[in-house]
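Asker:
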Amino acid sequence: MAETLIILPTFNEIESLESVIGRIRQWVPSADVLVVDDASPDGTGELAEGLAAGDPGISVLHHGAKAGLGRAYLAGFDYALGHAYRFVVEIDADGSHDPAELPAMLELADAGADLVIGSRWVAGGSVRNWPWIRRAISRGGNSYARGVLRSRIHDITAGYRVYAADALRSLELGSISSQGYCFQVELAWRLERSGKAIVEHPIVFVERAAGRSKMHLGIVMEALFRVTLWGLFRTKG
Ligand SMILES: Nc1nc2c(ncn2[C@@H]2O[C@H](COP(=O)(O)OP(=O)(O)O)[C@@H](O)[C@H]2O)c(=O)[nH]1
Ligand SMILES: [Mg+2]
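The numbering of the sequence shown is this note's numbering, which starts it at 60 and goes up by one.
Given below as structure tokens:
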């Protein structure tokens, strides 16, 4: 059995999914892939089923309705921990995260990191094709979270990650409250506070070429609200 599970959350990613999975297969052929689709109206779930039918290393979970990135990943983590994988990968299905980085990120996890973050905001990392507003939200949000949470992480909202399964197991995943992208902040911060080894690996994030972003104001407000609360009621660290 493969020791790595790569989780791809999807909502309306029919134009990108197949090529992303192809590149994952090319760069980490031994890993298994799990697509978590939230009943995408564009048929992404059916496409994923078709790919899974031709490749025993691909599986698909279907949710009845769009329930947010956090819910999709929690379902994926449940599956990973239930199937005894050693490493669990988060990666976007829109092509923004290059699977060519995965061998290096998995090596860092294998060397002992509990969490490897594919980071845009460390030396060597960058973002391509983002309008100034997205750049400002990401940079500003990360600086704010770093200050308020007294975190050392430069890209705490990043969605390209490798977790050691044991690190996920050490968290009470049932008590994760965030729904949108704030989910990423909550997981990283919990691991950082419990003294886990976190490494940032520089990546070049390339904005999607097809489909539409699911980012919206509510997602930013959720993160702002929760990060501020966590900072105010921080008990240690
Ligand atoms: N299953 C699921 N996937 C989602 C949801 N929201 C976003 N995603 C996926 O999460 C990844 C990142 O989303 P995206 O819209 O590209 O966010 P952005 O890169 O921050 O603009 C993509 O693979 C999306 O399809 C959701 O509610 N459910
Ligand atoms: Mg994207």
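Backbone N, C-alpha and C fix where the C-beta goes; we use that ideal spot for every residue, glycine too.
So, at 8 Å on beta carbons, what are the nonlocal neighbours of Ala182 in its own chain, with the 5 sequence-adjacent residues on each side left out?
Answerer: Pro261
Asker: Let's test the definition: count the other Cβ atoms within 10 Å of the Cβ of His213 and tell me whether it reaches 16, buried, or not, exposed.
Answerer: buried
Asker: Whole angstroms are fine: how far does the CA of Trp191 sit from the CA of Ile235?
Answerer: 31 Å
Asker: Measure from the alpha carbon of Val265 to the alpha carbon of each residue in Ile150, Gly81 and Gln243, then state which is nearest.
Answerer: Ile150
Asker: Just checking, does the stretch 224-233 make contact with the stretch 117-130 on the three C-beta pairs under 8 Å criterion?
Answerer: no
Asker: Could you check the C-alpha separation between Gly296 and Arg252 for me, to the nearest Å?
Answerer: For Gly296, the predicted structure reports a pLDDT of 46, less than 50, and the residue's modelled location is therefore unreliable. A value from the coordinates is still provided. Between Gly296 and Arg252, the C-alpha separation is close to 6 Å.
Asker: Where does the unbroken alpha helix (DSSP H) through Phe242 begin, and where does it stop?
Answerer: Cys241 to Arg252
Asker: Output yes or no for whether 7 Å exceeds the beta carbon distance between Val95 and Ala134.
Answerer: yes
Asker: Can you round the beta-carbon distance between His64 and Val147 to whole angstroms, since I take them to be within the 8 Å contact cut?
Answerer: The displayed chain sequence assigns Leu, not His, to residue 64. Sure, about 5 Å apart at Cβ, within 8 Å.
Asker: Go through its chain and collect everything with a Cβ distance to Asn188's Cβ below 8 Å, but skip five positions before and after it.
Answerer: Val265 and Glu266
Asker: On the three-state DSSP scale, how would you describe Tyr138?
Answerer: Three-state result, Tyr138: helix.
Asker: Let me know if Gly113 comes out buried or exposed under the rule of 16 or more other beta-carbons within 10 Å of its beta-carbon.
Answerer: exposed
Asker: Express the C-alpha separation of Leu106 and Leu283 in angstroms, rounding to a whole number.
Answerer: 35 Å
Asker: Is the CB-CB distance between Val87 and Ala172 below 7 Å?
Answerer: no
Asker: Following a CB-centred definition, is Val95 positioned closer than 6 Å to any heavy atom of ligand 1?
Answerer: Checking the Cβ of Val95 against ligand 1 gives yes.
Asker: Along the chain, which unbroken stretches of the beta strand (DSSP E) at least 3 residues long are found entirely within the stretch 85-151?
Answerer: 91-96, 117-121 and 146-149
Asker: Starting from Tyr219, follow the alpha helix (DSSP H) in both directions and report where the run begins and ends.
Answerer: Note, Tyr219: premise wrong, no alpha helix (DSSP H); not H, not E.
Asker: Grouping DSSP H, G and I as helix and E and B as strand, with all else coil, what is Val181?
Answerer: Coil.
Asker: So is the beta-carbon of Gly127 under 6 Å away from any non-hydrogen atom of ligand 1?
Answerer: Result yes, Cβ under 6 Å from ligand 1.
Asker: Please go through the stretch 155-203 and give each complete alpha helix (DSSP H) segment of 4 or more residues, from N-terminal end onward.
Answerer: 161-169
Asker: Assuming Val244 and Ala204 make a contact with CB atoms under 8 Å, what is their CB distance in whole Å?
Answerer: 6 Å
Asker: In three-state terms, what does DSSP make of Glu77?
Answerer: Correct three-state label for Glu77: helix.
Asker: Report yes if the C-beta of Ser155 is less than 6 Å from at least one heavy atom of ligand 2; otherwise report no.
Answerer: yes
Asker: Please name the residue, chosen from Ser99, Ser185, Leu250 and Ile278, that lies closest to Val221 on a Cα-to-Cα basis.
Answerer: Leu250
Asker: So the candidates are Thr69, Gly254, Gly270 and Phe292; which of them puts its Cα closest to the Cα of Arg211?
Answerer: Gly254
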